[in-house]
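Residue numbers (the numbering used here), protein chains in the order written: chain B, 1 to 300; chain P, 1001 to 1222. Beta carbons: idealized from backbone N, C-alpha and C, even for Gly. Just below is one structure, and these are the notes that go with it.
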Amino acid sequence: MSTPEELIAQADKKAKPVSGFSSLFSGSSTYRFEEAADLYVQAANQYKLQKNFSSAGKLFEKASESYLKASSPDEAGNILVESYKAYKNTSPADAARCLSKAIEHFTSRGQFRRAANFKCDLGDLYLLVNDKESAIKSFEDAGDWYSSDSAESLSNKSYLKAADLKAEMGNYIEAAETYEKIAEKSLSNNLTKWSTKDYFTKAILCRLASDDYPGAFSKLDLFVTWDRTFATTREFKFLNELLENVKDGDSEAIGKSCADYDQFSRLDNWKVSILTKIKDSVAGGGGNIVDGAGGEDDLT
Amino acid sequence: MSESSLFNSYEADFKLSFNEAQTKLSSISELDGEPRRLAMRDVEKSMDECYEIIDQMNIEIQNISTQHRSTYNSKLRTYQKDTDYLKQSLKKLMDDEDKRNLFGSNYYRDGGVSGNLADDQRQALLSNNASLERSSERLRDSSRIALETEDIGANILNDLRSQREQITNSRNTLSEADNYVDKSIKTIKTMTRRMAANKLITYAIIAVLILLIVLVLISKFW
C-alpha cells in the first residue's frame, strides 16, 4: 500500500486541469476528477488510521471539491460529512464549517430530512464552541425542516433545544412562545402528552422571568383549559404558589416554595437558574435586596 | 398435616419456655443478691431454649407446603421478636446490676421502678417517633422516585414517538427505493427486448446484404 503522500501526489496530478492535445487521451474530465477524489479519500482514510484527523479532514474536503468539479454534488455532500466526522474531535470550528456546507448540498438536492439530522448535529457542535446564536438558528432550521417532513416529535425536540438555549440567552419571551407552540402540538398525541406539563412549566417560568406577570397568569389559565389534568399536578400547584408569591413580591416565599418543590422532583440546572433570576428580580423590585447567593443556596 | 403437627408441638414447647422465662424475668426485680443471680441464669437458660426451638421451627418450616408457609412464617417472626425483646430486658437488668449495687437495692427499687417505667415509656415513644419519621422519609423517597420515574417514562414516550417517526420515514424511503427498483427492472426488460429486436434486425440486414452480394456476384460472372 502506498503512503498517503504518494496518493495525494497522484490525486493532485489527476485533478490538474488538462489542456490541449493530451486531454484527448486522458478520458473525460469528470472521470478524472472522480478518480482524484477517490485517491484523496484513500489518503484521508490512511491519515485516519494514523489518527491524524485534521489532515484527514482537509483531504476529505479536497475530495468533496473534486466531486463537485466532477458534478456529483451528492457524493460531495457525503464526503463533507466524512470530513465533519474527522474534524469533530479535534477542531469543532472546522467541523461546523464542513457540516454546514454539506447541509447546503443536501438541501439543494431536496433531502431535508437528512439535512435536518445534520443540522441538529451542527447545533450541538456550535454549543461545543459556545456559539449559542448559531446553535439556536441551527436547531430552529432543523425543527422547521422536520415539521415540513411531518416528523412532529423530532421537530419538537429541536425546537425544545432552541427554546432552552433562548431562555439561557435571556430571550425569555421567544422561548416562552416556542414552549407554548411545542406544548400545543404535543397535546394531541398519546405518547407526547405526558411531557406537556414540563413544557407548560417552562413556558410560565419564562414569562415570569421576563417580568410578564399578567401574561404568565393568563397563560396558566389557558393551559388548564388545554389540559384539564394539568390542574391536579404538582407543577400546577407550584406555579400557582410562585405566581402568588411574585404578586406579593415575597422573595423568601419563592425560595421556600422552590425548596418544597425540589423535595419531590429535582429542579434541573435550567430551572434553577431561571428561578434564581425570577427571585432576584422580585427581590430587586420589592426594594429589599436579598442576596442572590442565598437564593441559589435555597434552590440547589 | 404431619409436618404441621410437628411444628405445633414445637410451638407448644416454645410457649412453655417463653412463659417460664417471662415469669422469671418479672420476678427478678423482687429478688436480691445470690437468688437474683440464679434467677437471671434461669431466665437465660429458658431463653436459650426458646432460641433453640425457634431454630428447630425454622428448619421444620421448610417441610411445610408453600401455601401454608406464610402464616407459619409470620408466627415465627413474632416469636422471634418476643424472644428478642425478652433478651433485651434481661440485658438491661444485667446492665443495671452495677447501678443497683451502687445505689443499694432498696433505694434503687423504689426510685428505680417508677423511673424505669417512665424511662421505658419515653424510650418506646422515642423509638415509635423514630420509626414514624423513618417511614415518612421512606414515603417521601418513594414518591420522589415515582415522580422521577414518571419523568423518565415521559421522556421514553417522547423518544418512542420520534423513533416511530424515524421508522416511518425509513419505510417511506424504502418503498420509494422499491418503486425505483421496480421501475429500473421494467426499463431493463424493455432494453433487453429492444436489444434482441435490434440484434434480429441486424442479422436480417446482414443476411439481405449477403444475399445481394451473392446476387451481384452471380449476375457478374454468369
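Range covered by the alpha helix (DSSP H) that runs through residue i
i	result
D38/B	S29 to L49
V224/B	Y213 to W226
N89/B	Careful: N89/B lies outside any alpha helix (DSSP H) and carries neither H nor E.
S155/B	E152 to M169
F1103/P	T1066 to F1103
W145/B	K132 to S148
D1042/P	G1033 to I1061
T3/B	Where T3/B is concerned, there is no enclosing alpha helix (DSSP H), given that its DSSP letter is neither H nor E.
K58/B	F53 to K69
E180/B	Y172 to L187
A209/B	T196 to A209
K247/B	R234 to D248
G255/B	S251 to F264
A116/B	F112 to L128
Residues of its chain near residue i, where Cβ-Cβ distance is below 8 Å and the 5 sequence neighbours each way are ignored
i	result
V129/B	P92, A93 and A96
H105/B	P73, D74, A76, G77 and L80
I1145/P	none
Residues of its chain near residue i, where Cβ-Cβ distance is below 6 Å and the 5 sequence neighbours each way are ignored
i	result
A167/B	A175 and C206
Y40/B	A11, L59, K62 and A63
A44/B	A56, L59 and F60
Y84/B	A95, C98 and L99
S251/B	K279, V282, A283 and V290
L68/B	A76
Y1010/P	I1053, Q1056 and M1057
V224/B	F230 and A231
D1042/P	K1024
Y199/B	Y179, I182 and A183
E35/B	K14
K277/B	A209
G294/B	Any answer about G294/B is weak, because its pLDDT of 39 lies below 50 and its placement is not dependable; what the coordinates show is given next. Cβ within range, chain order: n/a, list empty.
T107/B	A115
A203/B	A176, Y179 and E180
V1208/P	none
A162/B	I136, F139 and E140
F1103/P	none
A37/B	A63, S66 and Y67
Cβ shell of residue i (< 7 Å), same chain only, five flanking positions each side left out
i	result
K271/B	L205
Y1079/P	F1014 and I1054
V1181/P	none
S1070/P	none
Y146/B	A116, L154, S155 and S158
S138/B	K119, L122, G123 and Y126
K245/B	Before going further, note that residue 245/B is Asn rather than Lys in the sequence given. Around N245/B: A253, I254 and S257.
N89/B	F53
M169/B	K132
Expected contact under 8 Å - CB spacing of residue i and residue j to nearest Å
i	j	result
S1162/P	S153/B	4 Å
I173/B	N156/B	Not quite, the Cβ-Cβ distance comes to about 19 Å (not below 8 Å), so this is no contact.
L1090/P	L1025/P	6 Å
Y213/B	K237/B	Not really, about 18 Å apart at Cβ, beyond 8 Å.
A209/B	I254/B	About 12 Å separates the two Cβ atoms, so there is no contact after all.
L220/B	L239/B	6 Å
I1059/P	M1040/P	No, I1059/P and M1040/P are not in contact; Cβ-Cβ is about 29 Å, not under 8 Å.
I1050/P	F1018/P	The sequence given here has Cys at residue 1050/P, not Ile. That belief holds up - the Cβ atoms of C1050/P and F1018/P are roughly 5 Å apart, short of 8 Å.
L1157/P	T196/B	About 11 Å; that fails the 8 Å criterion.
I136/B	L160/B	I136/B to L160/B, Cβ: 12 Å. No contact.
A1021/P	S1046/P	4 Å
A86/B	K132/B	Actually they are not in contact, since the Cβ atoms of A86/B and K132/B sit about 25 Å apart, beyond 8 Å.
N1155/P	A151/B	That pair is no contact at about 18 Å.
F264/B	L1147/P	6 Å
F33/B	A70/B	4 Å
Closer than 6 Å: residue i CB and nearest the ligand NAP heavy atom
i	result
S66/B	The ligand NAP is not part of this structure, which contains no ligands at all.
_Ranges of the alpha helix (DSSP H) found wholly within the stretch 1121 to 1154 of chain P, counting only runs of at least 4_ = Counting only runs of 4 or more, we get nothing.
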